[in-house]
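Engineer: Numbering (the working numbering), first residue to last: 4 to 70. Where is the CB? At the ideal position from N, CA and C, for every residue including glycine.
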């Protein structure tokens with residue numbers, strides 16, 4: 004049961020991060036690009052680690068007890 008609850012929490016957190024990243028009024032990419040300069044692609048690494056990857060881990064935790 005704890006794995007399922009943890010999985011749901013991870014999936015929700017990853018979903019929130021994904022939505023925030025793709026809404027232009029919340030995440031101003033042009034401003035971040037100005038601040039970070041050449042290191043701007045690092046933003047995508049952080050996004051992938053905290054958005055879709057958390058959704059995937061959450062899904063695995065939900066499926067794991069049923070296997």
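Is DSSP giving residue 26 helix, strand or coil here?
Structural biologist: Reduced to three states, the DSSP call for residue 26 is coil.
Engineer: Between residue 60 and the rest of its own chain, which residues show a CB-CB distance below 7 Å, the 5 nearest in sequence each way excluded?
Structural biologist: Within the same chain, residue 60 has close Cβ partners 13.
Engineer: Can you tell me whether residue 17 is buried or exposed? The criterion is at least 16 other CB atoms within 10 Å of its CB, across all chains shown.
Structural biologist: Looking at its Cβ environment, which holds 16 or more other Cβ atoms inside 10 Å, residue 17 is buried.
Engineer: Examine the ligand GTP and report whether any of its heavy atoms sits within less than 7 Å of the Cβ of residue 63.
Structural biologist: For the structure depicted, the ligand GTP is absent and the ligand set is empty, with no information on it obtainable.
Engineer: If you drop the 5 nearest sequence neighbours on each side, which residues of the same chain put their C-beta closer than 8 Å to that of residue 24?
Structural biologist: Answer for residue 24: 30, 50 and 54, listed in chain order.
Engineer: Under a three-way DSSP split, which group does residue 54 fall into?
Structural biologist: Coil at residue 54, not helix or strand.
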